[in-house]
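Asker:
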Amino acid sequence: MSSKIALDQHQFPKKCRRYSRNVLLWSLAMDAAEERSRCEETHSDARRGLLKALVALGSGALLATAGAAEAAINDQPPRRPGANGKRYAMLVDLRKCIGCQACTVSCSLENMPPIGQFRTVVHQYEMPNASGNPDMLMLPRLCNHCDEPPCIPVCPVQATFQRDDGVVLIDNERCVGCGYCVQACPYDARFINHETQTADKCTFCEHRLEAGLLPACVETCVGGARVIGDILDPASEISVRMARHRDEIKVLKPSMSTNPHVFYIGLPDEFVDHVDGQAAVRLSEGH
């Protein structure tokens, strides 16, 4: 009995030490778990705070963008500087147009729009002549650089603007490619450039006008059907021609009240208000 008791007394301290060590390890583990829990709660709070901040920031930016767009739509910004004291316009004499498409090609070479997209085209229409036989009408089309351009007030970022000389242009650095102006143009003169993803159209080759040169389409017209100039100058070629053919001059879709500044001589009445924008050969009844 004594030997067993001695043995138990000898082993008791070891058990106590083992128990104490286990308690210590358990205590350390609990402390570590509590610390990890506190860290996770802190990180979770930080993440929640960050998400709230990002949501608030995004909402503010969205509201600011929406407010800017709402303020810009239907707002006619002031005209930007251009050729002082001038008002550019183009006169197209359909009696001289032979449909050679030299204007279309030269415009593409000058301005380099994507393949398959054009700033100016010559539409061809088949219609009966006085004797009942089929005849062809050549109708050059381009931006009309209107005095009341509907493409400007619909632009949410005011990328489309008009200069003092009447030329309507697009600021490609501001354009977001929404296509509102494309839909608003009654002359189907605009398109979204496949390469830049921004609106594109005829500019009257304003860079050439500023250098004292004619637009590419005017310079290459073999029949002399296109004339451009300042209609405020009574001595300019376009003013002289318009005065000479005053009763023959027409514009496309005058009922739209855009006051277009591309004028036509020899335009049949059937095409004044009902011409569409697709480039193709068609019967006059289908335009």
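Going by the working numbering, the final residue of the sequence shown carries number 1306, and the count climbs one at a time with no gaps.
Ideal placement from N, C-alpha and C gives every residue a C-beta, glycine not left out.
1. Going by C-alpha to C-alpha distance, which of P1100, A1208 and R1160 sits closest to C1122?
2. Could you name the residues that DSSP lists as bridge partners for K1269?
3. Would you call the region 1232-1242 and the region 1108-1126 in contact, with 3 or more CB pairs under 8 Å?
4. Using beta-carbon positions only, say whether K1269 and D1292 come within less than 8 Å of one another.
5. So, does the region 1143-1158 touch the region 1168-1179, judging by three or more C-beta pairs under 8 Å?
6. Roughly how many angstroms separate the alpha carbons of I1313 and A1149, rounded to a whole number?
7. If you draw a straight line from the C-alpha of F1282 to the C-alpha of F1210, how long is it?
8. Taking only three categories from DSSP, how would you classify Y1206?
9. Using CA coordinates, which residue listed in A1208, Q1143 and V1140 is at the minimum distance from P1169?
10. Output yes or no for whether 8 Å exceeds the beta carbon distance between D1184 and A1102.
11. Alpha carbon to alpha carbon, how far is G1151 from C1221? Give it in angstroms, no decimals.
12. Roughly how many angstroms separate the alpha carbons of C1334 and Y1206, rounded to a whole number?
13. List the residues that DSSP assigns as beta-bridge partners of L1188.
Answerer: Here's the rundown:
1. R1160
2. Y1283
3. With the cut-off at 8 Å, the region 1232-1242 and the region 1108-1126 touch.
4. No, they are not a contact pair.
5. The answer is no - the region 1168-1179 does not touch the region 1143-1158, with fewer than three Cβ pairs under 8 Å.
6. The requested residue 1313 does not occur in the structure, where the chain is confined to residues 1020 to 1306.
7. 22 Å
8. Looking at Y1206 - three-state DSSP - the assignment turns out to be coil, as it is neither helix nor strand.
9. A1208
10. yes
11. 36 Å
12. Examination of residue 1334 is not possible in this model, given that the chain is present from 1020 through 1306 alone.
13. Residue pairing by DSSP puts L1188 in a beta bridge opposite F1180.
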